[in-house]
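Asker:
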Amino acid sequence: MKLVYWALPAALLLPACVTINIYFPAAAAEKAADRIIDDVWQLQDKKAAPTAPAGETPAVQPAP
Amino acid sequence: MAASSLTIEADTVEAEGWQAKAVKLVLAPARRPALALSSQIKLAKAPAWSSLHAECGQIRLPAGRGAWVCQQGLVSADRIRLPFNLTLDTTPVAGQPALRLNVQLQDAQFSDAAGLHAVEKLHARAEVQARQQAGRWLWDAAITWSGGELFWQPLYLQGQGQALKAAGTWDAQALQLDQAVLQLPGVATMHASGKWSVPERKWQTLHVDVPDVDLAKAYPALLKPMVEQSALGHVEMAGNVALQADWQAGQLQAFQLRLRDVDMEDEQHRFAFYKLNADIPWDYDQAQPVKMGFAGGHLLKVPLAASQLQAEINRYALTAPELRLNILDGALVLSDVSAATLGGQWYWHLRANLTPLDMPELSTALGWPRMAGKVAASIPMVTYNAGTLTTDGVLGFNLFDGNISVNNLGMQTPLGSSPRLHADIELRNLDLGHLTRTFSFGAIEGKLDGDIQHLELQNWQPVAFDAVLKSSPGKYPRKISQRAVENISALGGAGAAAAIQRSVLRFFDQFNYEKLGLSCRLRADVCTMDGVAQAPQGYVIVKGSGIPAITVMGYNRLVGWSELVSRIRRVTESNVKPVIK
Amino acid sequence: MKTIIIVFSLMMSMWLSLSPAHAAADLEINTPAISAIKNSMQARHAQLAPFYSSGAVGFSRDGLVAVRDAAAVPLAQRQALNSLVAAENKDRNALYAEIANGNQHPEWEPEIRATFAKRWADKAQGGWWVQDGSGWVKK
C-alpha cells in the first residue's frame, strides 16, 4: 500500500518529462526487407522452379 | 651398406618463425622409403599444430663429396602435396666450396586455408648454382614453369613456359641481383636488377624495366584483376605499354610510363579512347611534365575529337593551366586545374568553359530528341572532394533561343551505383515553338520562363523539386494548337481529349492564349500542382484570350508523379508518329 | 462579342500511395536509388546462386555475403568469385544506407542491416550456408 501512495504522484508527473522517441519500425523493416529479397531472388516468379542442381557449373566466365 | 637403418628423434625443435615437435627421421637406404621425416609443425602465425611428412623413395648418397640424390620425393602436410626429385652436388670448384641444386616438381598442389593462394597440377624445374669466391657466394638460378595453374589473389596464371633467369652475389649483408629476366610468353618480358638488404629485409635499390607489353594480352591476364573495382576494371584494351620503375629503401622513387596507340573501350560504354598516346614520368622529388593525346573517343556518350593534353605531376598532385577536350565542333576547356590524391581519395578543382557546340549533332550523339541551336556554358569553379562534386557560381547554357542557368549544382558519387544530384535551375525566354517541336508535344507559340528550385535527382531520376513553368512576360505571339490542348488534357486521362473532338472546337486549328503555366512541388512521389490563376475548385493552366478563347483547368492538386511521367511519355511517344493531313 | 469559354477539367484522379496511415506502416523502398541497387543485385543473383549452392559463398552475420570455401571453386574462377562478392557487398552496403537515408533516419542503418541479415538467412534455400552466432551453418 505504501508503494501505491508514492507511485501516484510519480505517475502524474511522468507525462511532463516525456521525450519523443521515434523507435525503429521493426515490423515495417522486416516487410521491406522481404519485398526487396523477393525481388532480388525473384522468388515470386519462380516459386515452383527447382533450385539449381548441385555441382552445376557456375555461370561466371573463367578469367583467362 | 652395413647399417640397415638409422633413426633420429627429437621432442621439440624451435627456430625463428616456427617450431616442431615429435620429430622423427628414419634413414634406411635399402628400404622404401629410404628416408622419411615426420613431425608436428607450427608456424609462428598459425593457430594450431599440423603434421608434416617428407620422404625420399630412393636416395643415393655420395661416397665422400659428390651428388646427393633424392628420387620420388614427397612433402605433404595440410593442403600441401609436393612430389619432387632433387639432386644436390657439393663438389668443390677450383678448391672453393660450391653447390649445384636441381629440383623438379611434378603435379604439385598447395593451398592456404582461405584458398586465396593456391597452385594445382604444378610442373616446374629449378636449377641453382653457387660457388664461394672471396668471402661471398656467386650464384645464378633458372626456374621454368611448364604446366599447371596458380592463383595468387588477385592473379590467375597458367604455366606455359614462364621462365625466370637470375644471377648475382650473396653474403651476410646483401643479396645482389645483377640481372633478372622474367619471361611471360606472349605477354611481356621483364628485366630487373637491385640489391636486397638481408638485415633490413627490404630492397635497398630495385630497378624494373618492362619494355614492351602487349595490352590485348596483358590486360586480361595481369592488369584487370588488379584494377577490377576501379573505372578501368571492365574495359577492352589493345596497344602497347612500356614501364620503368625505381625503388629506393623500399619506396617507389620514380617511374616512366609510356602508352603507344592504346585503344580502350568501357564494356558499359561509359567512355572510350582511341589511339591514346601518353608519356607519364613521375619522380618522388621532382615535378615532371605529363603529355597525353588521343585521336578520338567518347565520355558518357559525348563524342571527343582529337585532343592533346599537358599537365605537371608533382608527387601526388597534378596541375595544368589548361586542358582542352575537343568535342564535335567545339571544346570543353578546363583551366586552372589542380588535383591531388590523398589516402586513396581524389580532390580537385578547376574552371570549365564549354565553347559553343552544335546542338543537333550533340543531341543526336546523346540519343536525345534532335534539338536545334547551340549550347555553350561556363562554370566558374568546380570542386571535387572524395566523391562529392560541387560548383560555385552559375552554369549558363544557351538553348532554345533562351537562357538556362544552373545554380548550386552538386553531385555525390557521379560514377557510383546510385549517383545523386542537386541544383536550382532557372529558364528564361525559351522558345516554346522550338521546345514543343523537339519534344513532339503539339505546337505552342510563345516564350517560357521556369524556376526549378531544390531539384534533387537520385540515379538521374527526380525525387524532389519546386517547379514553376509559365509563359514569359512581354509582347510576343501567343498561340496554342488544338493538338497541344488535347495533349495537355490527355495528361488528365483519356476522355478529355475526346471531349474536344466532339465539341465546336474541332473546327479550329489553334487558339490564342493570354498566359499559361503549371507548377509542381514534388515530394515523396507526389506532385502538388497549381496553375497561373485560381478558379473555383481548381486552377487555370491555360488562360485563353480573343476568339475563340480556350481555358484549360486543372482540378486535382495532388498527382502521383510516376503516373504523370508515364502519361507525358505516352503523349510524346504517340505524337512522334507522323501525322498525315 | 462571342467568347466561347470551354472549361476542361483535368481529371487527374490518380490513386495516391501516400495517406498518413500508410506512411506510418511502411518503410519507403521505392526511391530511384534503391530501385537501381535492387536491379543491379537482381541481375547478379543468377551468377551468385550456383556459388550459394556449392557452399563457396555464404550469408554472413552482418548482412553481407562472404567467400566461405574458395576451394569449392576451380582456381580459374576464384578471382571472378572475389569480384562478384565484392560487387554484391558494395551494393548491399549502399542498399542499407539508402533505405535509412530514404526514410530520413540515417541512424537506422545498423538496425536495417540486422533485419536484412536475419531475413536473408531465413529465406535462404536449403543447402545454402549462413553464419549464425557460432559459425557457418548449412541450411
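Protein chains in written order, with this note's numbering: chain R, 1307 to 1370; chain Y, 11 to 591; chain X, 502 to 640. Cβ coordinates follow ideal geometry from the N, Cα and C atoms, glycine included.
Suppose you measure from the CA of Y:Y549 to the CA of Y:P379; what does that come to, to the nearest Å?
Answerer: Going by C-alpha positions, Y:Y549 is about 31 Å away from Y:P379.
Asker: Rounded to whole angstroms, what's the CA-CA distance from Y:D88 to Y:F120? Just pull it up for me.
Answerer: 9 Å
Asker: Whole alpha helix (DSSP H) runs in the region 212-265 of chain Y with 4 or more residues, listed along the chain?
Answerer: 225-228 and 234-237
Asker: Who are the neighbours of X:F576 on chain Y, taking C-beta pairs under 7 Å?
Answerer: With the sequence shown as reference, residue 576 of chain X is identified as Leu, and Phe is not the correct amino acid for it. By Cβ distance, chain Y contributes A128, E130, E159, F161 and Y166.
Asker: Who does Y:H308 pair with in a DSSP beta bridge?
Answerer: Y:A282 and Y:P313
Asker: So the candidates are Y:D188, Y:A543, Y:L409 and Y:K31; which of them puts its Cα closest to the Cα of Y:S60?
Answerer: Y:K31
Asker: Report the residue from Y:L165, Y:Y284 and Y:V251 whose alpha carbon sits nearest the alpha carbon of Y:M236.
Answerer: Distance check between Y:M236 and each of Y:L165, Y:Y284 and Y:V251 places Y:L165 closest, using alpha-carbon atoms only.
Asker: What are the boundary residues of the alpha helix (DSSP H) that includes X:R579?
Answerer: Note, X:R579: alpha helix (DSSP H), L576 to G603.
Asker: Rounded to a whole number of angstroms, what is the C-alpha to C-alpha distance between Y:T538 and Y:Q463?
Answerer: 14 Å
Asker: Does X:P533 get closer than 8 Å to chain Y when you measure Cβ to Cβ?
Answerer: yes
Asker: Does the Cβ-Cβ distance between X:V568 and X:A557 come in under 8 Å?
Answerer: yes
Asker: Using the C-alpha atoms, what's the distance from Y:S388 back to Y:Y229?
Answerer: 38 Å
Asker: Mind checking if X:D527 is an interface residue toward chain R, Cβ cutoff 8 Å exclusive?
Answerer: yes
Asker: Taking any Cβ of chain R, which residues in the region 580-610 of chain X have a Cβ under 8 Å from it, in chain order?
Answerer: Q580, A581, L582, L585, L596, I600, H606 and W609
Asker: For Y:Q468, which residues in chain X fall below 7 Å Cβ to Cβ?
Answerer: T532, P533 and A534
Asker: Got a sec, what are the start and stop residues for the alpha helix (DSSP H) Y:F410 sits in?
Answerer: Note, Y:F410: premise wrong, no alpha helix (DSSP H); not H, not E.
Asker: In the region 444-487 of chain Y, which residue ranges form an unbroken beta strand (DSSP E) of at least 3 residues, counting only runs that do not cross its ends?
Answerer: 457-468 and 471-481
Asker: Specify the secondary structure class of Y:W292 as computed by DSSP and reduced to three states.
Answerer: strand
Asker: Within 10 Å of its beta-carbon, does X:H523 have 16 or more other beta-carbons around it, so buried, or fewer, so exposed?
Answerer: Interpretation of X:H523 is limited by its pLDDT of 36, a score under 50 that renders its predicted location unreliable; no figure is taken from the coordinates.
Asker: Less than 8 Å between the CB atoms is what I'm expecting for X:A625 and X:K640, so what's the real figure, rounded?
Answerer: 5 Å
Asker: In whole angstroms, what is the alpha-carbon distance linking R:R1341 and Y:G570?
Answerer: Each residue's alpha carbon lies about 22 Å from the other.
Asker: Report the residue from Y:S499, Y:R531, Y:R488 and Y:V495 whose alpha carbon sits nearest the alpha carbon of Y:Y523.
Answerer: Its Cα nearest to that of Y:Y523, the residue Y:R488 stands out among Y:S499, Y:R531, Y:R488 and Y:V495.
Asker: Given a cut-off of 8 Å, decide if Y:S207 and Y:A182 are closer than it, judged by their beta-carbon atoms.
Answerer: no
Asker: Classify Y:Y486: buried if its beta carbon has 16 or more other beta carbons within 10 angstroms, exposed otherwise.
Answerer: Exposed, since its Cβ has fewer than 16 Cβ neighbours within 10 Å.
Asker: DSSP has Y:A173 in a bridge; who is on the other side?
Answerer: Bridge partners of Y:A173: Y:T154 and Y:Q193.
Asker: Find the residues of chain X that neighbour Y:A124, judging by a C-beta separation of less than 7 Å, and give them in chain order.
Answerer: A571
Asker: Going by beta carbon distance, what residues of the same chain come within less than 6 Å of Y:T22, once the five residues before and after it are set aside?
Answerer: K31
Asker: Hey, would you say Y:A321 sits closer than 8 Å to Y:I337, going by beta carbons?
Answerer: no
Asker: Thinking just about the alpha-carbon of each residue, which of Y:L233, Y:Q81 and Y:P195 is nearest to the one in Y:L45?
Answerer: Y:Q81
Asker: Can you pull the chain R neighbours of X:R620, defined as C-beta to C-beta under 8 Å?
Answerer: E1336, A1339, D1340 and I1343
Asker: Under 6 Å Cβ to Cβ from Y:S491, same chain only, skipping five residues before and after it: list those, please.
Answerer: G452, A453 and Q520
Asker: Express the C-alpha separation of Y:K131 and Y:S15 in angstroms, rounding to a whole number.
Answerer: 34 Å
Asker: If I follow the unbroken beta strand (DSSP E) through Y:T398, where does it start and stop?
Answerer: T398 to D402
Asker: Assign X:N602 to one of two classes, buried (16 or more other C-beta atoms within 10 Å of its C-beta) or exposed (fewer than that).
Answerer: buried
Asker: Can you tell me the Cβ-Cβ gap for Y:L526 and Y:S481, rounded? I've got them flagged as a contact below 8 Å.
Answerer: Your pair Y:L526 and Y:S481 checks out as a contact, with CB atoms roughly 5 Å apart and the cut at 8 Å.
Asker: Can you give me the Cβ contacts of Y:G505 inside the same chain, cut-off strictly under 8 Å, excluding the 5 residues immediately before and after it?
Answerer: For Y:G505, the predicted model reports a pLDDT of 48, less than 50, meaning its position is unreliable; a value from the coordinates is still stated below. Answer for Y:G505: no residue qualifies.
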